[in-house]
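Engineer: There's a structure below that I have some questions on.
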Amino acid sequence: MSAPTQAIDSPRSLITVKAALRLPALRRGAPEVLAASRNLDRAIRWVHTAEVPNIAALLKGGELLLTTGMGAGRTASQQRRFIDQLAERGVAAVVIELGQHFQQIPAALVGQAETRGVPLIALRREIPFIEVTEAIHANILGRQLAALRRGEDIHRRFTHLMLEGAGIPEILSALARTIANPVLLERTGHGVLYHATHHSNAADVLAAWDALRREFTEEPDSGAGAIIIPVPESGGGTWGHLITLPLDSPLDEFGRVAVERAVALIALALLRSHQEETLSARERGNFLADIAADRLDPADAAHRAETLGFRPRGRTLLLPIAIATSPPGHQPAAGDETGWTPVWQSLLREMHSRAIPALLGTRASHRDALVLLAIATPDRRRAQIELAADAVHAAVKRHLDAAGAPVIAGGRAVSNWGELPAALREAADTAALARSCPPRQWHDAAIPDIDRLLLKLHGNPDLRQFVHQRLRPIIDHDHRRAAKLLPTLETLIEHQGRKAETARALHLERQSLYHRIQRIETLLDVNLDDPDTRLGLHLALRARHHLDGIES
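With my numbering, the residue at position 479 of the sequence shown is 488, and numbering never jumps.
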């Protein structure tokens, strides 16, 4: 890839011909646009003054040429050739002062300038060219200095993010907001590792980059308004590229400066442990979240999954699994999910060692994960979920012994990408709800569960009233007395009213248990031998664990 060059074709990055014509130094010359007024938004890179025929050979492109016309030639063919040479050099515009050489601009110059799209401007009054040069150069340098100052500011902001523990995803998201355009981080030979959007959706951003990428025969380079900067790696090679596309707003010189500042910090961040793996997991997590939110049509989802390395062969079923690692209400700090990277790597290694196609992704807001497996037949579903759950729990014990057990939920196996969003949501909702349920190796999102049902009814006032009416007398008793009756009731219900088993579980003599049962029946005004009564109390006891404000 070639070295980055200054953007000279953006109307926002440098002063334009139209803006230059409004400067007092040029307005004093009574300028008149004679040709190619359609191109007055061209950016001026520099100002050049010359009176020689071969001036084009000295130009690099983007210049505003100030001249009296002495080098334009006397014949029509010379004048047309003069304009052709300047057009090929890519000059921004030609300004000819009348009086010394031309009393009026020759028709050949005007016609050829119009044909070639070179703005041609006549100055009706004589002015000092040096004042025009100084005014435009001061404007250009002022804009560049402003861009550099803003670049230093964004560098400080990015550095602060990293010092606060942020990783590359947070830097890329901040960059996208700053330049009001999407950004992509591409790993050489591996495609897009991560992207951050602004207003455009992910599918449009990836499609735009894919279309632009196909135009490059070798290494990608800035073009079509995009800014593409190489990301260096230790040893002097190129790790990949940071790309921003002008999909939401035009890109200016500040955009380039901001991208270059971000590249420097990304190169440093890549030296951190697990940064590349975290980026990969985040990109896949965003993709799976887009599917769950129904933001992708089935064809786009299948195509993106393939680009991310999920390529199941033959006729397969899609099996979603959700893994909740954070306690309810916990919001980890930026970059906190890197501690779970060894766990995710262990899970993927286990799946790949058994030739099971697997895609694993995490989300920026938490450390929870979504997993997508491909299985051959429905009867393999339970075995594959158990295999994944065993791998996760074993890896947690090895790497995160103090982190607490994750909650795993296996979803329905579906036959196509159109059915996957609902199955993903079911698995994710089950994992989130099951955080407050009794621990299991894994929870089956495909089977109705009483604890999940009660959790979904958490905010229902009827459920709270039901628990209150069923249990309040015994809760009040236990609040006042040292001898608690609620554990006895829970154990009796757990053993389906069988008194002998309940007495053994509580290490009580039968007569002592009978006395407690009688006391409970009196307080609650119920008969505990009645199956319907026990069922109602069972539901109330289960629901009580999921409700706030019910005293123990």
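Cβ coordinates follow ideal geometry from the N, Cα and C atoms, glycine included.
#1: Tell me the DSSP secondary structure of THR25 in three-state form.
#2: Jot down the residue ranges of each uninterrupted beta strand (DSSP E) in the region 128-204, minimum 3 residues, whole runs only, in chain order.
#3: Who does GLU72 pair with in a DSSP beta bridge?
#4: With distances taken from CA atoms, which of ALA29, LEU254, ALA85 and ALA116 is nearest LEU75?
#5: For TRP426, which residues of its own chain have a beta-carbon under 6 Å away from its beta-carbon, when the five flanking residues on both sides are left out?
#6: Taking the straight line between their C-alpha atoms, what separation do you get for ILE177 and SER289?
#7: Could you compute how far the alpha carbon of GLY338 sits from the alpha carbon of ARG31?
#8: Could you have a look at PRO496 and say whether DSSP puts it in helix, strand or coil?
#9: Which ranges does the beta strand (DSSP E) cover as unbroken runs of at least 3 residues, wholly within the region 224-311, from first to last along the chain?
#10: Quick check on this structure: which residue in GLU359, THR371, LYS508 and SER86 has the alpha carbon closest to the alpha carbon of SER521?
#11: Hey, how far is the Cα of LEU107 from the Cα of GLY234?
#12: Please confirm whether LEU274 and PHE138 have their CB atoms less than 7 Å apart.
#13: Shortest alpha-carbon distance to ALA45 belongs to which of ASP213, ILE64, ALA122 and ALA96?
#14: Taking contact to mean 3 or more Cβ pairs, one atom from each stretch, closer than 8 Å, check whether the region 65-85 and the region 97-107 are in contact.
#15: Under three-state DSSP, which class holds HIS516?
#16: Along the alpha helix (DSSP H) that carries LEU327, what are the first and last residues, could you check?
#17: Determine the extent of the alpha helix (DSSP H) in which LEU92 is found, giving its start and end residues.
#18: Report the option in ARG407, ILE330 and GLY245 whose CA atom is closest to the CA atom of THR371.
#19: Can you tell me where the beta strand (DSSP E) holding PRO40 begins and where it ends?
#20: Check the DSSP bridge columns for LEU381 and list the partner residues they point to.
#21: Counting beta carbon pairs with one atom in the region 349-358 and one in the region 398-417, are three or more of them shorter than 8 Å?
#22: Assuming contact is defined by CB atoms lying nearer than 7 Å, are ALA378 and PRO321 in contact in what I supplied?
#23: Out of ARG389, ARG291 and ARG196, state which residue places its alpha-carbon closest to the alpha-carbon of GLU179.
#24: Identify, in the order they occur along the chain, each residue of the same chain with its Cβ nearer than 6 Å to the Cβ of HIS57, setting aside the five sequence neighbours on each side.
#25: Use the C-beta contact count for GLY249: other C-beta atoms within 10 angstroms, 16 or more gives buried, fewer gives exposed.
#26: DSSP three-state call for ASP538: helix, strand or coil?
#27: Alpha helix (DSSP H) containing ALA418: first to last residue?
#28: Does the region 488-500 come into contact with the region 527-546, if we say contact requires no fewer than three beta-carbon pairs (one atom in each stretch) closer than 8 Å?
Structural biologist: Let me spell this out:
#1: Start at 1 with the first residue of the sequence shown, and residue 25 comes out as number 16. Note: THR25 maps to strand in three-state DSSP.
#2: Given a length threshold of 3 residues, each whole run of the beta strand (DSSP E) inside the region 128-204 is given here in chain order: 129-132 and 192-196.
#3: Counting from one through the sequence shown, the residue named residue 72 turns up at place 63. Residue pairing for GLU72: DSSP places it in a beta bridge opposite TRP55.
#4: Taking the first residue of the sequence shown as position 1, residue 75 is located at position 66. Per the C-alpha coordinates, the member of ALA29, LEU254, ALA85 and ALA116 positioned closest to LEU75 is ALA29.
#5: The sequence position of residue 426 within the sequence shown is 417, counting from 1. Within the same chain, TRP426 has close Cβ partners PRO307, ALA310 and ALA311.
#6: Walking along the sequence shown from the start, residue 177 turns up at place 168. Walking along the sequence shown from the start, residue 289 turns up at place 280. Whole-angstrom Cα-Cα distance: 11 Å.
#7: As a first step, residue 338 is located in the sequence shown; it is residue number 329 there, counting from the start. As a first step, residue 31 is located in the sequence shown; it is residue number 22 there, counting from the start. Confidence at GLY338 is low in this model, with a pLDDT of 48, below 50, so the placement of that residue should be treated as unreliable; the coordinate-derived value is given next. Rounded to whole angstroms, the gap between the alpha carbons of GLY338 and ARG31 is 58 Å.
#8: Indexing the sequence shown from 1 puts residue 496 at position 487. PRO496 falls in the helix class under three-state DSSP.
#9: DSSP runs (the beta strand (DSSP E)) wholly in the region 224-311: 236-241 and 247-253.
#10: Start at 1 with the first residue of the sequence shown, and residue 521 comes out as number 512. With distances taken between Cα atoms, SER521 lies closest to LYS508.
#11: Position 98 of the sequence shown, counted from the first residue, corresponds to residue 107. Position 225 of the sequence shown, counted from the first residue, corresponds to residue 234. Roughly 37 Å separates the two Cα atoms.
#12: Position 265 of the sequence shown, counting from 1, holds the residue named residue 274. Position 129 of the sequence shown, counting from 1, holds the residue named residue 138. It is not a contact, given that the beta carbons lie outside the stated cut-off.
#13: Stepping through the sequence shown from its first residue, residue 45 is reached at position 36. Of ASP213, ILE64, ALA122 and ALA96, the smallest CA-CA separation from ALA45 is found for ALA122.
#14: Because the criterion of three Cβ pairs below 8 Å is met, the region 65-85 and the region 97-107 touch.
#15: Working through the sequence shown from its first residue, we reach residue 516 at position 507. In the structure shown, HIS516 adopts coil according to DSSP, grouped into three states.
#16: Here the question's residue 327 lines up with position 318 in the sequence shown. Note, LEU327: premise wrong, no alpha helix (DSSP H); beta strand (DSSP E) at 326-333.
#17: For the purposes of this step, residue 92 is taken as the residue at position 83 of the sequence shown. The question names Leu, but residue 92 is Ile in the sequence shown. Per DSSP, ILE92 belongs to the alpha helix (DSSP H) from 85-98.
#18: As a first step, residue 371 must be located in the sequence shown, where it is residue number 362. Distance from the Cα of THR371 is smallest, within the candidate group ARG407, ILE330 and GLY245, for ILE330.
#19: Working through the sequence shown from its first residue, we reach residue 40 at position 31. Its beta strand (DSSP E) spans residues 40-44.
#20: Taking the sequence shown and counting its residues from 1, one reaches residue 381 at position 372. Within the DSSP secondary-structure output, LEU381 pairs in a beta bridge with PRO329 and LEU368.
#21: The answer is yes - the region 349-358 touches the region 398-417, with three or more Cβ pairs under 8 Å.
#22: As a working mapping, residue 378 is identified with position 369 in the sequence shown. As a working mapping, residue 321 is identified with position 312 in the sequence shown. No, the Cβ-Cβ distance between ALA378 and PRO321 is not below 7 Å.
#23: Your numbering for residue 179 matches position 170 in the sequence shown. Nearest option by C-alpha distance: ARG291.
#24: Looking up residue 57 in the sequence shown gives position 48. Excluding residues within five positions, the ones whose Cβ falls inside 6 Å are GLU72 and LEU74.
#25: The count along the sequence shown starts at 1 and reaches residue 249 at position 240. Around the CB of GLY249, 16 or more other CB atoms lie within 10 Å, so the residue is classed as buried.
#26: Counting from one through the sequence shown, the residue named residue 538 turns up at place 529. In the structure shown, ASP538 falls within a coil segment according to DSSP collapsed to helix, strand and coil.
#27: Position 409 of the sequence shown, counted from the start, is the residue given in the question as residue 418. ALA418 -> not in any alpha helix (DSSP H); beta strand (DSSP E) instead, spanning 416-419.
#28: Taking a contact to require three or more Cβ pairs closer than 8 Å, the region 488-500 and the region 527-546 qualify as touching.
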